[in-house]
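Numbering (my numbering), first residue to last: 1003 to 1571.
What follows is the structure, given as structure tokens:
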């Protein structure tokens, strides 16, 4: 147990200093109808992501709140179950398995809720830790039924071979199958409920998979009751599913559904008006394309943003085909768009087609069509190693984007996720991948393991540099610096990686060149482990009036560099 000066958490009969663990009762006598007891269902959602991204529990427990809101519209469920979503965000996620004080504190916090049913929403980034937590509950509180859903639960027979600690599995949209499980009774024989697996007499029974999609308009506006918790950065979707149909993405398995116009406006009004949210990410795959034929809806959203004031902005996602829209600047300004995230993924047609990613012809044409002054607002997403992509072709795409002034890049390592078409086609495509989370692809016919690792590290540094420069005020000056550099930064980053330099040192050198400031903190720790430990932020240094006049963030072309090329046709 680490010595952090903290007192051990002791409560609800769980004693941490002695080997005997006394467990709480598994059923709570709640205020049911006519004095009946209600079964307590607790959603267990420790936060595994970057805590600086989202500060409101409403968003990192989003799946649980949707399910709770839907289930509480069902009279039989409302009568028989008490549903709780405890905020566990202040506790570190379960990592080491009861050998660490943080893990004991998290387990104690879960048991304090006195669950009869513990429900887990599983993703590639949390499934390993939550499985360990479920294993601990299985040993210490065997009367607690453990239900798991979420994207990780696709291909249920394969899932239980890797993660056997759960009792019931719910695949796909959770609303209808979970409702059926609760109406029948979670301890009952669950045969006949589509998309559900359950353990019976020591063996697993897997019911068939069938379409069981939920009408998302039936889910009440759960934001209204949690308005006081709406703060920081949040996200919202007007749809479920995606039209793109990419093999690597689980959204492609779901039919496309849109919320009604009235529901979208009702929920966005709740999220935007009289809340402490400062930014809302509209997570639909292409908002401008979805509502191109409904400009009145976009105008209504713009009105909500305008009435909120200058302390609020939106981020939105789009496809490359939409960024050449002549109305782009108008909507960026009217919707107070802070960032436009573009899913390019690759600059190679054959790589895109290999995974059924829609292709638009020459990828560079829509990027050339965007006004130069808008390009600093774009975040371009790429994936490596897609089948057919080579290290050289990926590098050329990155260098071209940077030379055009698209310096905000977010590079993802290809994951061969359970349940995707990519997983089913992996052998035919010649892909090798990790069979445990995060399921990283390690090799393709055109990218060796060593090349995949090298470009993966380059992607990490490029993404880190994007995060570091995100808050620099003069973004257009940074854009001009990258245009003048003409993509040569990629060679410098790779050279630093090949020399074994730490990403902090590599990024620090580029920040010194771009912003003329020596930053003493840790970019890596600052981005992924909370705020920098003792050093002031980069932005505080840039705003320091004591700095020399010439040391503000401005394009600093290296001696001998060629003049910037024209970037528009």
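We put the CB at the ideal spot given by N, CA and C, even for glycine. It should be emphasised that the depicted structure is a prediction, and the values quoted were computed from it without experimental measurement.
7 Å CB neighbourhood of residue i in its chain, flanking five on each side removed
i: residue 1242; result: 1218, 1256 and 1259
i: residue 1226; result: 1272
i: residue 1506; result: 1524, 1525 and 1526
i: residue 1059; result: 1089, 1091 and 1231
i: residue 1427; result: 1249
i: residue 1350; result: 1390, 1391 and 1395
i: residue 1366; result: 1402
Backbone CA spacing between residue i and residue j [nearest angstrom]
i: residue 1044; j: residue 1327; result: 46 Å
i: residue 1249; j: residue 1180; result: 27 Å
i: residue 1420; j: residue 1486; result: 43 Å
i: residue 1398; j: residue 1194; result: 53 Å
i: residue 1443; j: residue 1306; result: 43 Å
i: residue 1234; j: residue 1314; result: 10 Å
i: residue 1460; j: residue 1392; result: 14 Å
i: residue 1521; j: residue 1463; result: 16 Å
i: residue 1251; j: residue 1040; result: 38 Å
i: residue 1103; j: residue 1137; result: 17 Å
i: residue 1254; j: residue 1262; result: 21 Å
i: residue 1034; j: residue 1472; result: Reliability fails at residue 1034, whose pLDDT of 47 lies under 50, so the model's placement of it is uncertain and no value is given.
i: residue 1082; j: residue 1191; result: 18 Å
i: residue 1451; j: residue 1434; result: 9 Å
Whether residue i touches residue j by CB criterion (8 Å)
i: residue 1287; j: residue 1319; result: yes
i: residue 1170; j: residue 1183; result: yes
i: residue 1340; j: residue 1281; result: yes
i: residue 1592; j: residue 1222; result: Look at the range of the chain in this structure, 1003 to 1571, and you will see that residue 1592 is not part of it.
i: residue 1432; j: residue 1446; result: yes
i: residue 1372; j: residue 1325; result: yes
i: residue 1119; j: residue 1087; result: no
i: residue 1370; j: residue 1317; result: no
i: residue 1106; j: residue 1135; result: no
i: residue 1071; j: residue 1224; result: yes
i: residue 1465; j: residue 1501; result: no
i: residue 1386; j: residue 1418; result: no
i: residue 1310; j: residue 1362; result: no
i: residue 1406; j: residue 1348; result: no
From the options, residue whose alpha carbon lies closest to that of residue i
i: residue 1580; options: 1248, 1240, 1383 and 1109; result: The structure shown does not extend to residue 1580, since the chain is modelled only from 1003 through 1571, so no value can be given for it.
i: residue 1509; options: 1499, 1500 and 1467; result: 1467
i: residue 1232; options: 1057, 1297 and 1501; result: 1057
i: residue 1178; options: 1107, 1360, 1191 and 1216; result: 1216
i: residue 1495; options: 1456, 1473, 1521 and 1470; result: 1456
i: residue 1475; options: 1207, 1379, 1428 and 1367; result: 1379
i: residue 1266; options: 1278, 1252, 1239 and 1244; result: 1239
i: residue 1144; options: 1125, 1131, 1161 and 1189; result: 1189
i: residue 1334; options: 1295, 1289 and 1368; result: 1289
i: residue 1095; options: 1499, 1130 and 1407; result: 1130
i: residue 1165; options: 1174, 1126, 1203 and 1191; result: 1126
i: residue 1381; options: 1358, 1360, 1345 and 1368; result: 1345
i: residue 1308; options: 1296, 1321 and 1338; result: 1338
i: residue 1049; options: 1246, 1132 and 1416; result: 1132
Three-state class that DSSP yields for residue i in the structure shown
i: residue 1287; result: coil
i: residue 1151; result: strand
i: residue 1303; result: helix
i: residue 1390; result: coil
i: residue 1347; result: strand
i: residue 1082; result: helix
i: residue 1272; result: helix
i: residue 1491; result: helix
i: residue 1075; result: coil
i: residue 1214; result: coil
i: residue 1519; result: coil
i: residue 1237; result: strand
i: residue 1116; result: coil
i: residue 1372; result: coil
i: residue 1093; result: coil
Proximal residues to residue i (C-beta, below 6 Å), its chain only, five neighbours per side dropped
i: residue 1176; result: 1069 and 1151
i: residue 1185; result: 1078
i: residue 1352; result: 1390
i: residue 1074; result: 1080
i: residue 1112; result: 1046
Cut-off 8 Å between Cβ atoms - residues of its own chain near residue i, not counting five sequence neighbours on either side
i: residue 1491; result: 1404, 1484 and 1512
i: residue 1027; result: Residue placement at residue 1027 is flagged as unreliable, the pLDDT there being 44, under the threshold of 50; the coordinate-derived value follows with that caveat. So the list reads 1116, once near-sequence residues are dropped.
i: residue 1375; result: 1478
i: residue 1214; result: 1174, 1175, 1178, 1179, 1196 and 1197
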